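Encoded as structure tokens, the structure appears first; notes follow it.
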Ligand SMILES: [Zn+2]
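Residue numbers (this note's numbering): 4 to 61.
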């Protein structure tokens, strides 16, 4: 996820992808504080086509 940084600590969130396939992937987040988690979750909600990106070959 691009452009998401904690306004207080200037940290980017860490994303963890879990799942047996791309159809059943779940994304978990870790970050420096609750504020960053909020921002990151909002970004994920906006960025639904993330799955499309994952399907593309590198
Ligand atoms: Zn923070």
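Note that beta-carbon positions come from the ideal geometry of N, C-alpha and C, so glycine has one too. Nothing here was measured: the structure is a model prediction, and the numbers come from that model.
Residue i - partner residues in DSSP beta bridges
i: residue 19; result: 31
Beta carbon of residue i nearer than 8 Å to that of residue j
i: residue 10; j: residue 32; result: no
i: residue 30; j: residue 18; result: yes
Residue interval of the alpha helix (DSSP H) (run including residue i)
i: residue 25; result: Here residue 25 belongs to no alpha helix (DSSP H), and DSSP marks it neither H nor E.
i: residue 46; result: 37-49
Min CB distance residue i to chain D below 8 Å
i: residue 7; result: Here chain D cannot be found, since the structure has a single protein chain.
Who sits around ligand 1, taking every residue whose Cβ is closer than 6 Å to one of its heavy atoms?
Those residues are 9, 11, 12, 14, 35, 36, 38 and 39, given in chain order.
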